[in-house]
Amino acid sequence: MKTYMIGVDIGTTAVKAVLFEKNGKLVDKVSVEYKLHTPDAAIAELDPDEVAAGMFAAVSQVTERNACRNDVAFISFSSAMHSIILLDEDGERLTDCITWADSRGQEYAEQLNRQDGMAIYRRTGTPIHPMNPFVKLLHLRDKSRELYIQIGKVTGIKSYVMQKLTGVYEVDRSIASSTGMMNLQESEWDAEVLDMLNLSRAHLPELVDTLKVYDGMKTDAAEKLGIDAETKLVIGASDGVLANLGMNATENGDVAVSIGTSGAIRTVVDTPKTDDRMRTFCYYLTGDRYVIGGPVNNGGVVLRWVRDEFFDTDGKAEDADPYETITKLAAEAPAGSNGLIFHPYLSGERAPVWDSKAVGSFYGLTLSHGRKHMIRAAMEGVLFNLYSVFLTLRKHMDEAGTIKASGGFARSEIWKQMMADIYGEKVEVPKAYESSAFGACVLGLYALGEIEDLDAVKHFVGEEDTYYPTQDTYLKYQEVMSVYIELGRSLAQFYDRIESLRD
449 MKTYMIGVDI
459 GTTAVKAVLF
469 EKNGKLVDKV
479 SVEYKLHTPD
489 AAIAELDPDE
499 VAAGMFAAVS
509 QVTERNACRN
519 DVAFISFSSA
529 MHSIILLDED
539 GERLTDCITW
549 ADSRGQEYAE
559 QLNRQDGMAI
569 YRRTGTPIHP
579 MNPFVKLLHL
589 RDKSRELYIQ
599 IGKVTGIKSY
609 VMQKLTGVYE
619 VDRSIASSTG
629 MMNLQESEWD
639 AEVLDMLNLS
649 RAHLPELVDT
659 LKVYDGMKTD
669 AAEKLGIDAE
679 TKLVIGASDG
689 VLANLGMNAT
699 ENGDVAVSIG
709 TSGAIRTVVD
719 TPKTDDRMRT
729 FCYYLTGDRY
739 VIGGPVNNGG
749 VVLRWVRDEF
759 FDTDGKAEDA
769 DPYETITKLA
779 AEAPAGSNGL
789 IFHPYLSGER
799 APVWDSKAVG
809 SFYGLTLSHG
819 RKHMIRAAME
829 GVLFNLYSVF
839 LTLRKHMDEA
849 GTIKASGGFA
859 RSEIWKQMMA
869 DIYGEKVEVP
879 KAYESSAFGA
889 CVLGLYALGE
899 IEDLDAVKHF
909 VGEEDTYYPT
919 QDTYLKYQEV
929 MSVYIELGRS
939 LAQFYDRIES
949 LRD
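Printed below as a string of structure tokens:
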């Protein structure tokens, strides 16, 4: 009986290989970074071969470091969503990997939302937005016609990497459900969407379930990984749905909140559900579990901006953590930042506004406000934005249960307590991180029949820190939140005009 399992998490700027014992204990992890190419504000691409090389390097390093190359039962995969790579008939690349952050399809998203976008969203569960691969393909169809007619295969970063391991182009239904091209009710590629794109099912990877197991891999791939060629591979799912699983946020009413560079809030339901205003997504986990929620562009990136623009490291001790310093400053300001409100749309926004032209703003500035108020308002603004999505999710939930939080922000005591106070709910933070990679491993254990069902994850997730709301602070935040929402609606009418004023 082999001792270990590896969760591979393919992200936008790095790939992680996380080694776990089969009892869920985290042993080690290796992260390999690669560059996100952003030559202008609209383009965000990766070199997919750099990503594949990073995956091989991460896995080989973690197995070599722990001398376990022949003691790994399986590798299971998590991946970022919404990417596309165009290949020709010979499998040669026509494009780099166009990521979720690429906004060149904005014009086509706007057109669809004025026409039949809602009908497509209802069938596919993916909001009509530039992140959506369907929208990206519409843009390429019209703007890069000579390239488009050469398409032999449309794939994404996960399918591209998996092909290096298995030799076949397949995609799990979780990743496929985030492309805007898979019909959720049928669990098949949507015929109407393919007609709009002038594509057939043969142009897309074969759809397989998230529990698919490959009994080994290509010999050359095993050599690059430094691992037994008969090691099983589990195709896994997308990073968002696996984060819910890895955090044990799968019970009715459980809500998972993740804040890394970006952020997301999600809950698990048993049938596909969409929103009447297209504010949320619906993605596949397994045949009887779907994840609904909303992704936000502006999570930890806002705090990084605050660090860079409001905090001077000159003269500070080299080992001083600037994030710790700025959050301590935020703690000196009162809840609600003395009437200062920040809309955190520094890089456009997905949920809840779904507008790549959205911009950030401070409102309520007076001479009485200082740096501590601005820092706290920025932190509050990120959580208010996620809370707006939470309010939409509540409409689709039978009951509200526990908030489970993860991501880099979960290392900040003030931010975790702030979340409990804003949401008015108990917040639990697992002490073990890497929830997407761990979720992939739990899915792998289930796929291999080593656990009876996914609810067994509760036996693996370790100790959690718990935060409870303070009633007076919660009531204060409810007042602030109502202004935040109404003000945001009022400002939306100016996004186009503000864009026209920028150089």
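One rule links them: number in my numbering = place in the sequence shown (from 1) + 448. By construction, the Cβ of each residue, glycine as well, lies at the ideal position given by its N, Cα and C atoms. Everything numeric in this text was worked out from a predicted model, so none of it was measured.
Buried or exposed by the 16-neighbour rule on C-beta atoms within 10 Å, applied to residue i
| i | result |
| --- | --- |
| residue 696 | buried |
| residue 946 | exposed |
| residue 591 | exposed |
| residue 457 | buried |
| residue 763 | Note on residue 763: pLDDT 44, under 50, position unreliable in the model; no value is reported. |
| residue 615 | exposed |
| residue 494 | buried |
| residue 571 | buried |
| residue 585 | buried |
| residue 765 | Note that residue 765 scores a pLDDT of 45, beneath 50, so its modelled location is shaky; the value from the coordinates is reported in the next line. Residue 765 should be labelled exposed. |
| residue 941 | exposed |
| residue 627 | buried |
| residue 611 | buried |
| residue 909 | buried |
| residue 535 | buried |
| residue 798 | buried |
| residue 683 | buried |
| residue 502 | buried |
C-beta atoms of residue i and residue j nearer than 8 Å
| i | j | result |
| --- | --- | --- |
| residue 689 | residue 655 | no |
| residue 936 | residue 706 | no |
| residue 851 | residue 873 | yes |
| residue 605 | residue 533 | yes |
| residue 794 | residue 771 | no |
| residue 726 | residue 835 | no |
| residue 622 | residue 733 | yes |
| residue 825 | residue 788 | yes |
| residue 510 | residue 467 | yes |
| residue 969 | residue 588 | Because the chain spans 449 through 951 in this model, residue 969 falls outside it and cannot be assessed. |
| residue 781 | residue 820 | yes |
| residue 617 | residue 653 | yes |
| residue 524 | residue 455 | yes |
| residue 576 | residue 560 | yes |
| residue 517 | residue 674 | yes |
| residue 869 | residue 701 | no |
| residue 603 | residue 729 | no |
| residue 800 | residue 830 | no |
| residue 703 | residue 722 | no |
Residue(s) in a DSSP beta bridge with residue i
| i | result |
| --- | --- |
| residue 630 | 637 |
| residue 878 | 912 |
| residue 491 | DSSP, once it has assigned bridges, lists no residue as partnering residue 491. |
| residue 952 | This structure gives no information on residue 952, because the portion of the chain shown stretches from 449 to 951. |
| residue 452 | 469 and 520 |
| residue 617 | Beta-bridge pairing links residue 617 to no other residue. |
| residue 654 | 618 |
| residue 527 | 458 and 686 |
| residue 680 | 522 |
| residue 541 | 535 |
| residue 809 | 791 |
| residue 485 | 493 |
| residue 546 | 493 and 532 |
| residue 464 | 457 and 479 |
| residue 771 | Paired residues: none, contrary to the question. |
Endpoints, the alpha helix (DSSP H) within which residue i is located
| i | result |
| --- | --- |
| residue 499 | 496-513 |
| residue 737 | Careful: residue 737 lies outside any alpha helix (DSSP H), inside the beta strand (DSSP E) at 737-744. |
| residue 413 | Look at the range of the chain in this structure, 449 to 951, and you will see that residue 413 is not part of it. |
| residue 830 | 819-842 |
| residue 886 | 883-895 |
| residue 946 | 943-949 |
| residue 625 | Here residue 625 belongs to no alpha helix (DSSP H), and DSSP marks it neither H nor E. |
| residue 601 | From DSSP, residue 601 is part of no alpha helix (DSSP H) but of the beta strand (DSSP E) over 601-603. |
| residue 734 | Not the alpha helix (DSSP H): residue 734 falls in the beta strand (DSSP E), residues 729-734. |
| residue 938 | 919-939 |
| residue 565 | 565-572 |
| residue 780 | Segment: none, residue 780 is in no alpha helix (DSSP H) and carries neither H nor E. |
Whole-angstrom C-beta distance between residue j and residue i, which should lie under 8 Å
| i | j | result |
| --- | --- | --- |
| residue 711 | residue 551 | Actually they do not touch by this definition, with Cβ atoms about 18 Å apart. |
| residue 933 | residue 837 | That pair is no contact at about 12 Å. |
| residue 507 | residue 465 | 5 Å |
| residue 658 | residue 891 | 6 Å |
| residue 853 | residue 864 | 7 Å |
First and last residue of the uninterrupted beta strand (DSSP E) at residue i
| i | result |
| --- | --- |
| residue 476 | 474-481 |
| residue 864 | Residue 864 -> not in any beta strand (DSSP E); alpha helix (DSSP H) instead, spanning 861-871. |
| residue 852 | 851-854 |
| residue 704 | 703-707 |
| residue 857 | Run containing residue 857: none; DSSP gives neither H nor E here. |
Min CB distance residue i to chain B below 8 Å
| i | result |
| --- | --- |
| residue 518 | As a matter of chain content, chain B is missing from the structure shown, which is built from one protein chain. |
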